[in-house]
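Participant: If you read the sequence shown in our numbering, its first letter stands for residue 250, the second for the next number, and so on.
My questions will all concern the structure given below.
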Amino acid sequence: MRLGVNIDHVATLRQARKTFEPSPLFAALIAQQAGAHQITLHLREDRRHIQEEDLELIKRAVHVPINLEMAPREDMKDIALRVKPNRVTLVPERREEVTTEGGLDVVELKEYLKEYLKGFGEAGIEVSLFIEADGSQVEASKEVGADAVELHTGAYANLFNAHLIEEAKKELLRLRQAGQRARSLGLRVYAGHGLTYKNTPMLVEALRDVVEELNVGHSIVSNALLWGMERAVEEFLNLLL
Ligand code: PXP
């Protein structure tokens with residue numbers, strides 16, 4: 250399986266002070282150096298973390314593919330067609346949410362998305378839809394002309410984190426069935442959301458032959474912060490000698 254590293258929360262920390270550090274661009278370059286197969290970033294309507302400038306700089310400097318998560322809005326389409334990430338992943342977005350809470354309702358938005366998706370292919374941009382593991386959402390994704398789906402793993406992650414392992418296994422089965430359905434329709438299949446160092450091994454074991462790629466953000470950025478804390482303190486203490 251490939252790994253897309255989502256660097257949004259590096260920008261969250263920077264925006265907490267509206268300063269220049271930590272730099273999402275540096276984070277993307279280090280993730281690339283460490284072997285990440287892709288850099289993923291979400292340009293939200295409220296610009297709470299990633300800014301348009303981050304997207305532009307990262308697109309210019311990074312050579313692994315760039316996956317831009319965005320709401321299916323006209324202004325976002327304009328940005329995507331201008332910056333040309335390798336992929337856009339369309340996600341639902343509500344201003345008040347802390348994170349992307351559910352999948353895109355492709356069934357409900359079918360007619361809108363059919364029109365919206367026009368133009369990405371000609372620009373060389375792959376279109377993936379972030380959806381729940383549900384057969385009707387998968388089929389609608391194919392109908393609207395998507396190239397791929399990303400299956401929302403948040404429900405699985407929550408069940409695993411609550412130690413509800415039997416229920417988590419049922420959710421993996423649902424993810425597997427939706428993934429297989431998508432593949433049978435010729436869609437590429439990715440997955441992500443809420444994955445951690447603890448809950449990922451069981452998911453990989455169950456979905457290895459169905460899912461090509463995982464996108465992981467919060468857990469990687471969290472551990473980057475903690476695993477780097479010791480050195481950061483030592484370096485500062487050196488300044489005080
Ligand atoms: N995939 C998609 C489509 C997302 O919206 C997000 C969150 O931005 C992720 C993956 C990564 O989720 P997490 O930060 O929980 O790893």
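Note that beta-carbon positions come from the ideal geometry of N, C-alpha and C, so glycine has one too.
Predicted model only: the values in this text are computed from it and were never measured.
Can you grab the Cα-Cα spacing for the pair R297 / Q426, in whole Å?
Facilitator: Distance between the alpha carbons of R297 and Q426 is about 35 Å.
Participant: So which of A397, E392, A395, L452 has the shortest CA-CA distance to L421?
Facilitator: Answer by Cα proximity: L452.
Participant: When you get a sec, list the residues whose CB is within less than 6 Å of any heavy atom of the ligand PXP, chain order please.
Facilitator: Those residues are N255, D257, H291, E318, T338, V340, T348, T349, F379, E399, G441, H442, G443, L444, N464, V465, G466, H467, S468, given in chain order.
Participant: DSSP on H291, reduced to helix/strand/coil?
Facilitator: Strand.
Participant: Would you kindly work out how many angstroms separate the C-alpha atoms of M250 and A283, rounded to a whole number?
Facilitator: Going by the C-alpha atoms only, they are around 16 Å apart.
Participant: If you measure between the beta carbons of L290 and L306, is that distance less than 8 Å?
Facilitator: Going by C-beta atoms, L290 is not nearer than 8 Å to L306.
Participant: Please specify which runs of the beta strand (DSSP E), each continuous and at least 3 residues long, are wholly inside the stretch 392-462, giving them in chain order.
Facilitator: As far as the stretch 392-462 is concerned, its whole beta strand (DSSP E) runs of at least 3 residues are 397-401, 437-441.
Participant: Taking V387 and L434 to be in contact with their CB atoms under 8 Å, please state how far apart those CB atoms are, rounded to whole angstroms.
Facilitator: So it is a contact: roughly 7 Å between Cβ atoms.
Participant: When DSSP builds the beta bridges, which residues end up paired with F379?
Facilitator: Answer is E399.
Participant: In whole angstroms, what is the alpha-carbon distance linking K447 and K363?
Facilitator: So the two alpha carbons sit approximately 38 Å from each other.
Participant: Count the C-beta pairs between the stretch 347-358 and the stretch 325-334 that are closer than 8 Å, then say yes if the count reaches three, no if not.
Facilitator: Too few Cβ pairs lie closer than 8 Å, so no.
Participant: Closer than 8 Å by C-beta to H286: which residues in its own chain qualify, once you throw out the five before and the five after it? Chain order, please.
Facilitator: If we look at H286 and ignore the five residues flanking it on each side, its Cβ neighbours are R251, L252, G253, V313, P314, E462.
Participant: With M319 as the anchor, note down where its beta strand (DSSP E) starts and where it stops.
Facilitator: Where M319 is concerned, the enclosing beta strand (DSSP E) stretches over 315-319.
Participant: Tell me whether T349 sits in a helix, a strand or coil according to DSSP, three-state version.
Facilitator: DSSP places T349 in coil when its eight states are reduced to three.
Participant: According to DSSP, which residues form a beta bridge with L252?
Facilitator: BP columns for L252 point to L463.
Participant: On the CB-based measure, 16 or more other CB atoms within 10 Å of its CB, does K326 come out buried or exposed?
Facilitator: By the 10 Å Cβ count, K326 comes out buried.
Participant: Residue range of the beta strand (DSSP E) that V337 falls in?
Facilitator: It spans 336-339 - the beta strand (DSSP E) in which V337 sits, taken as one unbroken run.
Participant: Do you know how far the Cα of S377 is from the Cα of S471?
Facilitator: Roughly 26 Å separates the two Cα atoms.
Participant: In this structure, does DSSP put G477 in helix, strand or coil?
Facilitator: Reduced to three states, the DSSP call for G477 is coil.
Participant: Using three-state DSSP, classify Q386 as helix, strand or coil.
Facilitator: In this structure, Q386 counts as helix in the three-state DSSP scheme.
Participant: Taking the alpha carbon of L429 as the point to measure from, which residue in D383, A417, K418 has its own alpha carbon closest?
Facilitator: One point to set straight first is that residue 429 is Gln, not Leu, in the sequence displayed. Selected option, being the one with the closest Cα: D383.
Participant: Report yes if the C-beta distance between A406 and G443 is below 8 Å; otherwise report no.
Facilitator: Yes.
Participant: Which word fits G370, buried or exposed, when buried means at least 16 other C-beta atoms lie within 10 angstroms of its C-beta?
Facilitator: Burial call: exposed.
Participant: Please go through the same chain and pick out, in chain order, the residues whose beta-carbon is closer than 6 Å to the beta-carbon of F409, but skip the five residues on each side of it.
Facilitator: Same-chain partners within the cutoff: A417, N448.
Participant: Could you tell me the distance, in whole angstroms, from the CA atom of I288 to the CA atom of G403?
Facilitator: Roughly 20 Å separates the two Cα atoms.
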